[in-house]
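Counting from 12, one number per residue, gives the positions in the sequence shown under our numbering.
Yeah, the Cβ is synthetic: ideal placement off N, Cα and C, and Gly gets one too.
The structure presented is a predicted model; accordingly, all values stated were derived computationally and were not measured.
Contents: one structure, followed by commentary.
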Amino acid sequence: MRPWFVQPKRFKSSWAAMGIKVLEALVSVVMVSASLQAGEQPNIVILVVDDMGFGDPGCFNPESKIRTPNIDRLAARGMRFTDAHAPGPLCHMSRYGLMTGQFPFRTDVGRWPTQALIEKGQTTVASMLKSGGYRTAMVGKWHLGFEENGYDKILAGGPVDVGFDTFFGIRASTDIPPYFYIRDRLAVAPPTREIAASNSPTWSPIQGEFWRAGLIAPDMELRDVLPKFTDEAISVITAHAAKNSEITAESARQPLFLYLAYPAPHTPWLPSQEFMGQSQVGMYGDFVEMVDAMIGKVYQSLEMAGLSEDTLLILTSDNGPVWYEADVARFGHDSAGGLRGMKSDAWEAGHRMPFVVCWPRVVQQNSLSQQTICFTDILATLAAITDYKLSDLEAPDSIDFSDVLRGKRSPDAVLRTSLAMQSGGGFMTLRAGDWKLIEGLGSGGFSEPKRLQPSDGGQRSQLFNLREDPGETQDLADRHPDIVLRLRSQLAEIKRARRTR
12 MRPWFVQPKR
22 FKSSWAAMGI
32 KVLEALVSVV
42 MVSASLQAGE
52 QPNIVILVVD
62 DMGFGDPGCF
72 NPESKIRTPN
82 IDRLAARGMR
92 FTDAHAPGPL
102 CHMSRYGLMT
112 GQFPFRTDVG
122 RWPTQALIEK
132 GQTTVASMLK
142 SGGYRTAMVG
152 KWHLGFEENG
162 YDKILAGGPV
172 DVGFDTFFGI
182 RASTDIPPYF
192 YIRDRLAVAP
202 PTREIAASNS
212 PTWSPIQGEF
222 WRAGLIAPDM
232 ELRDVLPKFT
242 DEAISVITAH
252 AAKNSEITAE
262 SARQPLFLYL
272 AYPAPHTPWL
282 PSQEFMGQSQ
292 VGMYGDFVEM
302 VDAMIGKVYQ
312 SLEMAGLSED
322 TLLILTSDNG
332 PVWYEADVAR
342 FGHDSAGGLR
352 GMKSDAWEAG
362 HRMPFVVCWP
372 RVVQQNSLSQ
382 QTICFTDILA
392 TLAAITDYKL
402 SDLEAPDSID
412 FSDVLRGKRS
422 PDAVLRTSLA
432 MQSGGGFMTL
442 RAGDWKLIEG
452 LGSGGFSEPK
462 RLQPSDGGQR
472 SQLFNLREDP
482 GETQDLADRH
492 PDIVLRLRSQ
502 LAEIKRARRT
512 R
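The following block contains the structure:
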């Protein structure tokens, strides 16, 4: 069988050796599961990478200097969204909106280090699908908090308490201590060993091989995290296929929901040996190419288990990259893909994400949508696909775009009339049609200038027309004060109403 995942020619020999264990693990399942159907409902895989920019995958930026053949191939097999947004430009914000269908500014997401962000009984993508008969599994980075009372005790409020049957992952990023693996509600091994801080002299303080000092589990190595999560995801897929193959009645077979949240290419950038020095974009490019290869391995496991044709796969990134103008000049690669800013910013590069949906026999291959969508919309969309009726209290900021996927919606029809969010630095933002209002001056995030004081009598907001100026180069607030006031009023109403659906 020709492997689905694609590697540049010089990687093939090393990957052939590394792939043997994966192929052996799958071969026993292939014959019995190749003809399986997951009932009437599709298997669902949501694959979120971390800090990958809009301009990194070649399918979104033809001028990218990073090779992403597996992401590109998924895009060719499905639909690319060019106006898809994280609900906030930081990791925890983005994940909260994705899981709950609620804008993260409606809660205090800053309490995640010691408290669970998702309320008890709050509907999530996982709890909704579980109620519809799905097996639900999460692998990877959670970053939505636990009720922490010591790492040798139960970690409540995490994935298995909000709808997932199983969880294997980490509490946050691989540069935020303590570092340890979690299986369901317990640490696999509590963090007891000290690890010193790390950085890369030729990069900024928050780039390169950067992580913070703190505690780490005795046997944990940060560079092993990405491949370990890939292996775990493949195990979930193969075990699910094997379990379904043992069930004789077609109606008793369950569909699978897998949420795979990679903590990469977020820092620390730790490409394995075979990827080091192989890209044109330094260690960041090397790490992105490794992430792409891991994505290919996971999708290949779906194919070999006979599940890919019945699987709806969503692939995206949680927020923008940490990539400076100096990096663009140094490597000739724009990780933001022509958008302004970076991670944490109110500007577009902070939250406009590469977003691909692959669903064989349903989503048209190599198709493109310019619909404005948000991660919060995933919940309502999957609810429609799986025939779950949302109540007025569930997923208040989630808009169903399933008709776009099914080709039943005109490309010109507007589904989401507005999109509100908060930047990492606290700037509220409203997108309404072509117009975008930022309530503050500066990036509101990591980019300089982060925050500027308005001049006497001058505007305190920024206004851009994204159709005419997607790079946000022309602030039109002084020219259109009427539009500023209208959007400000609309934003206040969204906050007051506590819902947009």
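Asked	Found
Whose C-alpha, out of 94, 385, 182, 316, is nearest the C-alpha of residue 245?	316
Determine the extent of the alpha helix (DSSP H) in which residue 102 is found, giving its start and end residues.	102-111
State the CB to CB distance for the pair residue 458 and residue 334, rounded to an integer number of angstroms; the pair is presumed to be in contact (CB under 8 Å).	The Cβ separation is near 10 Å, so there is no contact.
Compute every distance between the C-beta of residue 457 and the non-hydrogen atoms of the ligand ATP, then say whether any falls below 7 Å.	No copy of the ligand ATP occurs in the structure displayed, which carries no ligand at all.
Name the DSSP bridge partner or partners of residue 430?	442
According to DSSP, is residue 115 part of a helix, a strand, or is it coil?	helix
What are the boundary residues of the beta strand (DSSP E) that includes residue 326?	322-328
Assess, as a yes-or-no matter, whether the stretch 111-118 is touched by the stretch 429-444 under the definition of 3 or more beta carbon pairs within less than 8 Å.	yes
Going by Cα to Cα distance, which pick from 445, 250, 498 is closest to residue 177?	250
Apart from the five residues just before and just after residue 444, which ones in its own chain have a Cβ nearer than 8 Å to its Cβ?	425, 428
Using C-beta distances below 6 Å, list every residue in its chain close to residue 392, excluding the 5 sequence neighbours before and after it, in chain order.	411, 412, 413
Excluding five sequence neighbours on each side, which residues of the same chain lie with their C-beta closer than 8 Å to the C-beta of residue 25?	With a pLDDT of only 43 at residue 25, under the threshold of 50, the placement of this residue in the model should not be trusted, and no figure is reported.
Give the straight-line distance between the Cα atoms of residue 187 and residue 461, rounded to the nearest whole angstrom.	23 Å
Take residue 90 as the anchor and find which of 415, 64, 169 has the nearest alpha-carbon.	415
Any idea what DSSP makes of residue 160, helix, strand or coil?	coil
Strictly by DSSP, which residues pair up with residue 150?	179, 271
For residue 319, name the three-state secondary structure that DSSP assigns.	helix
Beta-carbon within less than 8 Å of residue 389's beta-carbon, same chain only, minus the 5 sequence neighbours each way: which residues are those?	57, 109, 112, 136, 325, 409
What are the boundary residues of the beta strand (DSSP E) that residue 365 is part of?	363-369
Assuming residue 183 and residue 191 form a contact by the criterion Cβ under 8 Å, report the distance between their Cβ atoms to the nearest whole angstrom.	At roughly 11 Å, the Cβ-Cβ gap does not stay under 8 Å, so residue 183 and residue 191 are not in contact.
Given that a residue counts as buried once 16 or more other Cβ atoms are within 10 Å of its Cβ, and exposed if not, what is residue 104?	buried
What is the residue span of the alpha helix (DSSP H) that residue 95 lies within?	Careful: residue 95 lies outside any alpha helix (DSSP H), inside the beta strand (DSSP E) at 90-96.
I'd like to check one pair, residue 386 with residue 55: are the Cβ atoms closer than 8 Å?	no
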